[in-house]
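Worksheet for the structure shown next.
Protein chains: 2
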Amino acid sequence: MNEFEIIHDIFAPLSAQAPGAFDLKDDAALLEESAYVVTKDLMVAGVHFLPRDPLDLVARKLLRVNLSDLAAKGAKPVGYLLGCVWPANVKREAIELFASGLKEDQAAFRISLFGGDTVVHGAKGAPLTLSVTMFGAPPKQGATRRGGGAARDDLYVSGAIGDAGLGLMALKKEIKLTTVDKASLAGRYHLPEPRLSLGAAIAGVANAAIDVSDGLIADAGHLAAASGLKAELEAAALPLSNAARGWLEGEDDGDKALAALAGFGDDYEILFAAPSSLRRSVSMAAKASRTSVTRIGALKRGSGVTLLGADGAPIPVADAGFNHFVRR
Amino acid sequence: MNEFEIIHDIFAPLSAQAPGAFDLKDDAALLEESAYVVTKDLMVAGVHFLPRDPLDLVARKLLRVNLSDLAAKGAKPVGYLLGCVWPANVKREAIELFASGLKEDQAAFRISLFGGDTVVHGAKGAPLTLSVTMFGAPPKQGATRRGGGAARDDLYVSGAIGDAGLGLMALKKEIKLTTVDKASLAGRYHLPEPRLSLGAAIAGVANAAIDVSDGLIADAGHLAAASGLKAELEAAALPLSNAARGWLEGEDDGDKALAALAGFGDDYEILFAAPSSLRRSVSMAAKASRTSVTRIGALKRGSGVTLLGADGAPIPVADAGFNHFVRR
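So the sequence lines, in the order shown, correspond to chains A and U.
Residues 3 to 330 (the working numbering) are what the first sequence spells out, left to right.
Residues 3 to 330 (the working numbering) are what the second sequence spells out, left to right.
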């Protein structure tokens, strides 16, 4: 069984008594009696990062993927708990490098470590396993939900799509890029930018939001499913970086390449739905947060995700998106 | 470097801006702006449980070791976040068995799952890794701290000491016990009893408390160190179950065997310090919570831990206690 089934079939019933758990269909939980948004994401060597990735960057990414969940809720980060399972042969220098990355991003995002647990594992083959629980204060308008979208809502995404996936492919030498493009795209893979200012600015404007971690197609599917609707995306509207556009132009099958960019994970942009009557508010929120935002489609009655080509015909997309990196 | 050093040297400085993190010297963190006590403990196959342990019991122990941290604070459990890294060949039945254990103890302790993260790991040798962040409401008297002990405070411990360690040794066939004793002690290893009622009842009475996870000697050391004092324990006073007493009587060196019992981990009893003027309050708290409590020593000026024999001479104890299972 895959991880979606594990969560939906087995764990979700266990959250039935907690309204703030949203049936485990959201990025974060609300503790009803208090005012904290909490989220917990794991990162495991060989699954979410390359075993040779520098550990300071791994640490910063670990915080940022959790911060990205808070960003989608519009929450203001406060602090986190950290769990680490280190291999038995870990060197002090490695852990210090890891901690230096934490320190750097704690300062950048004004968050603090609150506690946690540390284990050193003796077994051969046990991968470095990292777990963060991040706490944030919800916006005064209330945390933006994943499932609040309405039919005919516009769909928007921040920044650019597909960069991190291209960066990962370049790091694994699966594609060849110019040195400059490789550095820029690898940077987007190693160090995502959680869209905290934008998330806060669209609170009360967006009906629904999700951070794009599994890939635009997959996460549009999650937002649409949670809202009981269908997501219709226009391929021509997808925001691409110059580097991604350069790669796309070198590909023979443009539609297929575009679908691939929309299928990659690790973007950590925010995808959100807002009523078309609020287009001016969205554009003011983008401006106020100094974050580029692009209208890429709409929610419709129905289910699933469609990526429409310039001719209005659907471009085939892979089913599951970025399936080896699954979160709620 | 060992895990104490990792935490003290590398991670503790990262918590400097958070008063509620207590320099990472406590079992749980307080989020200052709200009223929640949170704790996070990992359990990894081969470290904290035997790879063949039934997964429903593993699940219940996972919740209970976290609940035990809340018990030491006097907090009332509310809910938890769950992170799991499953091996790639995990069967649905195994995860369902795990979830059934969660469900059973959620009902028993009136807690709910709030969210989390699930990963399936493809690498050979990746052990089942489990992480829980548990939330509780602090008692109205304020959460009991680890470092609040005063010189001349009495030291108390709940229940009985060493059972879980004997149970583990019996499960690993390192010692031979009667069938009845083995079942009872293995049960204490697999299914600790978090002392939540007692923890709540001693809030405002105890100056300091800690749950005994690393072993009585080690955790008395932690409480004493956090309080800037020395713990003096009387061997003859240590509470033992009938099964443990039976094992002890079969050992040639009684002092050594007693020191071993006091060194085992996984008891999940509460060790606490209270002024001798409050002995009546302690005994009322024990009665109200229907939990046996034994006075086993006192805090003194100085540092470290001493286990005194019946003749008043110290019994040698191992330095580090139960060192392959380290938490704060």
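Note that CB positions come from ideal geometry on N, CA and C, so glycine has one too.
As the structure is a computational prediction, the values presented were derived from the model and not from experiment.
Tell me whether residue i is buried or exposed, calling it buried when 16 or more other Cβ atoms sit within 10 Å of its Cβ.
| i | result |
| --- | --- |
| U:ARG247 | exposed |
| A:GLU95 | exposed |
| U:THR146 | buried |
| U:ALA205 | buried |
| U:SER229 | buried |
| U:SER215 | buried |
| A:ALA128 | buried |
| A:ASP269 | buried |
| U:ALA226 | buried |
| A:GLY252 | exposed |
| U:ALA74 | buried |
| A:LYS232 | buried |
| A:ALA18 | exposed |
| A:SER70 | buried |
| A:ALA288 | buried |
Note down the Cα distance separating residue i from residue j, rounded to an integer number of angstroms.
| i | j | result |
| --- | --- | --- |
| A:PRO15 | U:TYR82 | 14 Å |
| U:GLY138 | A:GLY256 | 53 Å |
| U:MET286 | A:ALA220 | 58 Å |
| A:LEU250 | A:ASN244 | 10 Å |
| U:ALA101 | U:GLY223 | 36 Å |
| U:ALA238 | U:GLY299 | 10 Å |
| U:PRO140 | A:ILE163 | 44 Å |
| A:VAL307 | A:PHE266 | 15 Å |
| U:ASP183 | A:TYR191 | 55 Å |
| A:GLY331 | U:LEU72 | The displayed coordinates of chain A run from 3 to 330. Any statement about residue 331 of chain A would go beyond what the structure contains. |
| A:LEU187 | U:GLY124 | 26 Å |
| U:ASN91 | U:LYS126 | 10 Å |
| U:ALA109 | U:ASP43 | 20 Å |
| U:LYS178 | U:ASP165 | 14 Å |
| U:ARG154 | U:LEU301 | 5 Å |
| A:ASP213 | U:LEU310 | 59 Å |
| A:GLU234 | A:VAL46 | 33 Å |
| A:PRO194 | A:ILE317 | 28 Å |
| U:LYS175 | U:ALA185 | 13 Å |
| A:LEU172 | A:GLY189 | The sequence given here places Ala at residue 172 of chain A; Leu does not occur at that position. Straight-line Cα distance between these residues: approximately 11 Å. |
| A:ASP29 | U:ARG297 | Per-residue confidence for A:ASP29 stands at a pLDDT of 46, beneath the threshold of 50, marking its modelled position as unreliable; the derived number appears in the next sentence. Each residue's Cα considered, the two are about 47 Å apart. |
| A:PHE111 | A:PRO79 | 7 Å |
| A:TYR38 | U:ALA37 | 10 Å |
| U:GLY304 | A:PRO89 | 36 Å |
| U:LEU52 | A:LYS93 | 26 Å |
| U:ASP313 | U:PHE274 | 25 Å |
| A:LEU65 | A:ILE97 | 15 Å |
| A:GLY169 | A:LEU242 | 13 Å |
| A:LEU132 | A:LEU59 | 13 Å |
| U:LYS105 | A:LYS142 | 34 Å |
| A:ARG282 | A:LEU240 | 20 Å |
Say the cut is 6 Å; is the CB of residue i nearer than that to a heavy atom of the ligand SAH?
| i | result |
| --- | --- |
| U:GLY189 | As for the ligand SAH, it is missing from this structure, which has no ligand bound. |
Is the beta carbon of residue i sitting closer than 7 Å to the one on residue j?
| i | j | result |
| --- | --- | --- |
| U:GLU236 | U:GLY161 | no |
| A:VAL121 | A:VAL67 | no |
| U:ALA276 | U:ASP156 | yes |
| A:ALA210 | A:GLY151 | yes |
| U:ARG62 | U:GLY103 | yes |
| U:ALA259 | U:VAL319 | no |
| U:LEU130 | U:VAL207 | no |
| A:GLY48 | A:GLY85 | no |
| U:ALA203 | U:ALA290 | yes |
| A:THR135 | U:THR135 | yes |
| A:ARG148 | A:THR293 | no |
| U:LEU57 | U:LEU115 | no |
| A:VAL295 | A:TYR158 | yes |
| U:ALA264 | U:LEU200 | no |
Let me know the beta strand (DSSP E) ranges lying completely inside the stretch 91-172 of chain A, each 3 residues or longer, listed in chain order.
-> 114-123, 131-139 and 156-160
In the stretch 99-123 of chain U, which residues sit with their C-beta less than 7 Å from some C-beta in chain A, listed in chain order?
-> ALA101, LEU104, LYS105, GLN108, SER114, LEU115, PHE116, GLY117, GLY118, ASP119, THR120, VAL121, VAL122 and HIS123
Inside the stretch 264-328 of chain A only - alpha helix (DSSP H) runs reaching at least 4 residues = 281-290
Note down, in chain order, all residues in the stretch 119-148 of chain A with a beta-carbon under 8 Å from any beta-carbon belonging to chain U.
-> ASP119, THR120, VAL121, VAL122, HIS123, GLY124, ALA125, LYS126, GLY127, ALA128, PRO129, THR131, SER133, THR135, PHE137 and ALA139
Run through the stretch 186-252 of chain U for me and flag every whole beta strand (DSSP E) of 3 or more residues, listed as ranges in chain order.
-> 210-213 and 232-236
Under 9 Å (Cβ pairs) to chain A, residues found in the stretch 70-87 of chain U = VAL80, GLY81, LEU83, LEU84, GLY85, CYS86 and VAL87
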